[in-house]
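Line by line, the protein sequences are chains V and F. In the numbering used here, each residue's number is its place in the first sequence (first place is 1) plus 106. In the numbering used here, each residue's number is its place in the second sequence (first place is 1) plus 106. For glycine and all other residues, C-beta sits at the position ideal for the given N, C-alpha and C. Predicted model, so just to flag it, every value in this text is computed and none were measured.
Protein chains: 2
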Amino acid sequence: MAIASQTVSDICAEAKAASRELALLDAEVKNKAINAIADALEARTAEILAANARDLEAGRAANIGDALMDRLLLDEARLAGIARDTRKVAELEDPVGRLLDEFKMYNGLDVRKIAVPIGVIAVVYEARPNVTVDAAALCLKSGNAIVLRGSSTAAHSNAVLAQIAREAIAQAGVPDAAISIVTGGERDELEQLATQEGMVDLIIPRGGEGLKNALKAVATVPVIYAAAGNCHVYVDAAADLEKAIAILMNSKTQRPGVCNAAETLLVHTDVAADFLPRALKELANAGVELRGDERTRALAGAEAGEIAVATEDDWATEYHDMIIAVKVIDSVDEAIDHINRFGTHHSDAIVTDSNTAAHKFTGEVDSACVYVNASTRFTDGAEFGLGAEIGNSTQKLHARGPIALRELCSYKYVVEGDGQVRG
Amino acid sequence: MAIASQTVSDICAEAKAASRELALLDAEVKNKAINAIADALEARTAEILAANARDLEAGRAANIGDALMDRLLLDEARLAGIARDTRKVAELEDPVGRLLDEFKMYNGLDVRKIAVPIGVIAVVYEARPNVTVDAAALCLKSGNAIVLRGSSTAAHSNAVLAQIAREAIAQAGVPDAAISIVTGGERDELEQLATQEGMVDLIIPRGGEGLKNALKAVATVPVIYAAAGNCHVYVDAAADLEKAIAILMNSKTQRPGVCNAAETLLVHTDVAADFLPRALKELANAGVELRGDERTRALAGAEAGEIAVATEDDWATEYHDMIIAVKVIDSVDEAIDHINRFGTHHSDAIVTDSNTAAHKFTGEVDSACVYVNASTRFTDGAEFGLGAEIGNSTQKLHARGPIALRELCSYKYVVEGDGQVRG
Chain V
107 MAIASQTVSD ICAEAKAASR ELALLDAEVK NKAINAIADA LEARTAEILA
157 ANARDLEAGR AANIGDALMD RLLLDEARLA GIARDTRKVA ELEDPVGRLL
207 DEFKMYNGLD VRKIAVPIGV IAVVYEARPN VTVDAAALCL KSGNAIVLRG
257 SSTAAHSNAV LAQIAREAIA QAGVPDAAIS IVTGGERDEL EQLATQEGMV
307 DLIIPRGGEG LKNALKAVAT VPVIYAAAGN CHVYVDAAAD LEKAIAILMN
357 SKTQRPGVCN AAETLLVHTD VAADFLPRAL KELANAGVEL RGDERTRALA
407 GAEAGEIAVA TEDDWATEYH DMIIAVKVID SVDEAIDHIN RFGTHHSDAI
457 VTDSNTAAHK FTGEVDSACV YVNASTRFTD GAEFGLGAEI GNSTQKLHAR
507 GPIALRELCS YKYVVEGDGQ VRG
Chain F
107 MAIASQTVSD ICAEAKAASR ELALLDAEVK NKAINAIADA LEARTAEILA
157 ANARDLEAGR AANIGDALMD RLLLDEARLA GIARDTRKVA ELEDPVGRLL
207 DEFKMYNGLD VRKIAVPIGV IAVVYEARPN VTVDAAALCL KSGNAIVLRG
257 SSTAAHSNAV LAQIAREAIA QAGVPDAAIS IVTGGERDEL EQLATQEGMV
307 DLIIPRGGEG LKNALKAVAT VPVIYAAAGN CHVYVDAAAD LEKAIAILMN
357 SKTQRPGVCN AAETLLVHTD VAADFLPRAL KELANAGVEL RGDERTRALA
407 GAEAGEIAVA TEDDWATEYH DMIIAVKVID SVDEAIDHIN RFGTHHSDAI
457 VTDSNTAAHK FTGEVDSACV YVNASTRFTD GAEFGLGAEI GNSTQKLHAR
507 GPIALRELCS YKYVVEGDGQ VRG
């Protein structure tokens, strides 16, 4: 944990030095350290909850609202969950040292392309203190040093969690500078972190648009923005409407506050009269607020209640809430254009029994994950079988979709010869 | 080609629209268009040389110096070379649509991870007009639209090359907005290009530190910095000194102006007295200016001539010239520390017959390409068998080392089901 006199740059320099050792650690040593973190979280629960109580008290005094208070809250069950998730990271395959490619050059040189850690990863996040541990475990497993920067709302919780993790890994023989935290108290820290060229190899912000824009304005080190999700369900002319209802309801309502939840429903005009009255009714019954274009509003039955007029803003909005925008469109091409124009290139689904439509949609929708006859909610490292994830990328460079252990690695080429020179 | 009234943002929007079509093109169509560019370069040689003559004349008037004049020069032989290289790009494997991974989720969902183009790539480059064609061919082959921004020095040459390429691909059925050029006349263009979020997916600067720093200060879209090379040859205690001489001379002198040429020689103290007098003499005979630490200077024979004192600046400098810095060190660890501290993480070589030393060096030197008993000069897309390259990355994200066709791709996950929803 940062002590008061340490600057961001000191912390990052220590992390960089530690990262050189981490890159060489055996899987066994890293796993032992990760499990030691889990053990320590359980052994020191009282201490963690006391720190969390201070954050909660401050949050209550500052009236931060129920949703944020809930995200901030730790209790025994949640801590046990964090410990369990941490142990799961220990069980995952070590991504470091994987042979990604191997070939012989024309002159006999042996080339191996080998996965290596990225180095120092800064993770900047908002209220949820579990991120402190999740992100630290994933970075440690992938041989990276982590510099954490949480929000001031969770400062006490994050500080004690990071300190406990540091002590645990040090006892397991891993340099404690593998896990560092800056206090999260000052705005300037973000800029300092984002400009530590040569020290910080990557910054991953986990938070809202404000955080992303703040970073974009200042960052000179590479950033992976993870990830707004304005996701779509498109019900095609050739859709099985039973499946369409199930996929729509799951994509929208199963967990509306996350990035892979659907925000807009597009319906082909050929099935709109059959599909929309029932779909809108089910959405309304589930408590979803409806916003529709003219054709949608005309087709809605009385049971769907009043439907507000959807504007361009609605097409572009990630509600993160029980609200959906609905539009009737005339072709799969129009659906694709709408999604590419208004979406955030995260997760989009087509419901169709037409191979032609499915092929066109998956080929032309420019998103990290494109679904045919399945819910958008599957975009997730754990669902994909990649283990835990540190976020979801909507960028096209390095990692697109779930950022899991493999995506926390870079590679190097190791070239071995017996004296070859270039002619 | 940009017409006078088009803004950078107009050009990028057209490129974005074209990129959606490009992503869907068959290899055949792309290859036909690439070969059409090569044909047009040959057919319109006179026109190109006339434009180039105007740039050369302006360069002469502005006294830009012999090296720059040579980089600017086109003649029939060079143009034929560019056409030949362009046709080679057509012969390379299409990187788009490659199946990178495939798995079934626990619930039966089929997941395919498929290589897709990045979208719109802006390439910002300095004097050499051949980059206009090379970069355009590589981007077209990988399904990306390119926005070129050359230097004003080569404005006439670049403009006519880009225009010829546009006309050629349009005749081959590819949207001409797949290849665009901004004039390169104004400083502000760089900032505009670098902030076209949602339009430009990647910027690749090919040029010196000034260009890179200018971009770092303003870029909000992702950048791959390609690539300063402060490369090292380390002659280990267990080196075969014959091989060491050959590797050193090739790494330093075969083409000193490029990024994979060596800039610093490190010699283990155990072999310094045997190796250095001969090595320094050969370097001096080849016309290489020598800068050494105290131990190096003490060991140099009279035949090496006067050796200047190497400073910290020398260790950190990419000379791009017939100059070398030389240091005697005490261990492979010291060599690794020196390289990680002063190097640019590009290409570094150890000469040794010790497996232990080789293993340590390749494991701990934090560079894109690490060589055992081979010249640093092999870091090159063509040498690696990857086909042409658009640059060499010393970043750790997305692409490290040669940026060839595969590195000009992103990927998407296509997930197919029969109604799966998340529980």
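For the alpha helix (DSSP H) that residue i lies in, which residues bound it at each end?
| i | result |
| --- | --- |
| G187 (chain V) | 182-197 |
| L492 (chain V) | That residue, L492 (chain V), is in no alpha helix (DSSP H); it is neither H nor E in DSSP. |
| V239 (chain V) | 236-247 |
| I445 (chain V) | 438-448 |
| I154 (chain F) | 151-167 |
| A123 (chain F) | 114-128 |
| I351 (chain F) | 347-359 |
| R177 (chain F) | 172-178 |
| A422 (chain V) | 418-422 |
Is it buried or exposed for residue i, if we count other Cβ within 10 angstroms and need 16 for buried?
| i | result |
| --- | --- |
| G493 (chain V) | buried |
| A228 (chain V) | buried |
| L205 (chain V) | exposed |
| K219 (chain V) | buried |
| Q501 (chain V) | buried |
| L244 (chain F) | buried |
| F209 (chain F) | exposed |
| Y331 (chain F) | buried |
| V415 (chain V) | exposed |
| T462 (chain V) | exposed |
| V324 (chain F) | exposed |
| N391 (chain V) | exposed |
| Y212 (chain V) | exposed |
| T417 (chain V) | exposed |
| G187 (chain V) | exposed |
| F490 (chain V) | buried |
| R272 (chain F) | buried |
| M107 (chain V) | With a pLDDT of 45 at M107 (chain V), under the threshold of 50, the predicted position of this residue should be treated as unreliable, though the coordinate-derived value follows. That one is buried. |
| R190 (chain V) | exposed |
| G393 (chain V) | exposed |
By DSSP's criteria, residue i is part of a beta bridge. Which residues make up the other side?
| i | result |
| --- | --- |
| A455 (chain F) | F:V339, F:Y477 |
| P433 (chain F) | Residue identity differs from the one stated: residue 433 (chain F) is Lys in this sequence, not Pro. According to DSSP, K433 (chain F) bridges with F:L372. |
| A146 (chain V) | DSSP lists no partner for A146 (chain V). |
| I509 (chain F) | Per DSSP, none; premise fails for I509 (chain F). |
| S460 (chain V) | None; S460 (chain V) has no bridge partner. |
| I252 (chain F) | F:I227, F:I285 |
| N137 (chain F) | Looking at the DSSP assignment, N137 (chain F) forms no beta bridge with any residue, so it has no partner. |
| N498 (chain V) | V:P508 |
Specify, as a first and last residue, the run of the beta strand (DSSP E) that residue i falls within.
| i | result |
| --- | --- |
| C515 (chain V) | 515-526 |
| E73 (chain F) | The structure shown does not extend to residue 73 (chain F), since chain F is modelled only from 107 to 529, so the question has no answer here. |
| K219 (chain V) | 216-223 |
| A228 (chain V) | 226-231 |
Could you give the C-beta distance for residue i and residue j, rounded to a whole number, given that I count them as a contact under 8 angstroms?
| i | j | result |
| --- | --- | --- |
| T289 (chain F) | D161 (chain F) | No, T289 (chain F) and D161 (chain F) are not in contact; Cβ-Cβ is about 13 angstroms, not under 8 angstroms. |
| E315 (chain V) | A300 (chain V) | Contact flag wrong, Cβ pair sits at about 16 angstroms. |
| T423 (chain F) | D454 (chain F) | Contact flag wrong, Cβ pair sits at about 15 angstroms. |
| D474 (chain V) | R512 (chain V) | What sits at residue 474 (chain V) in the sequence shown is Ala, not Asp. A474 (chain V) to R512 (chain V), Cβ: 15 angstroms. No contact. |
| L371 (chain F) | L354 (chain F) | 6 angstroms |
| C365 (chain F) | H452 (chain F) | 6 angstroms |
| V239 (chain V) | I309 (chain V) | Rounded, the Cβ-Cβ distance is 19 angstroms, inconsistent with contact. |
| C118 (chain F) | Q302 (chain F) | 5 angstroms |
| V226 (chain V) | D307 (chain V) | 5 angstroms |
| A196 (chain V) | N236 (chain V) | The pair is not a contact, with the Cβ atoms about 17 angstroms apart (cut-off 8 angstroms). |
| A265 (chain F) | A139 (chain F) | About 20 angstroms separates the two Cβ atoms, so there is no contact after all. |
Which residues in chain A sit within 7 angstroms of residue i, going by Cβ to Cβ distance?
| i | result |
| --- | --- |
| I353 (chain V) | No chain A is present in this structure, whose protein chains are V and F. |
Whole alpha helix (DSSP H) runs in the stretch 254-298 of chain F with 4 or more residues, listed along the chain? Listed in chain order, the complete alpha helix (DSSP H) runs (minimum 4 residues) inside the stretch 254-298 of chain F are 261-277.
Can you give, in chain order, each stretch of the beta strand (DSSP E) that sits fully within the stretch 302-340 of chain V and has at least 3 residues? Those beta strand (DSSP E) runs which fall completely within the stretch 302-340 of chain V and span 3+ residues are 308-312.
Runs of alpha helix (DSSP H) lying entirely within the stretch 372-415 of chain V, each at least 4 residues, in chain order: Correct list: 375-391, 400-405.
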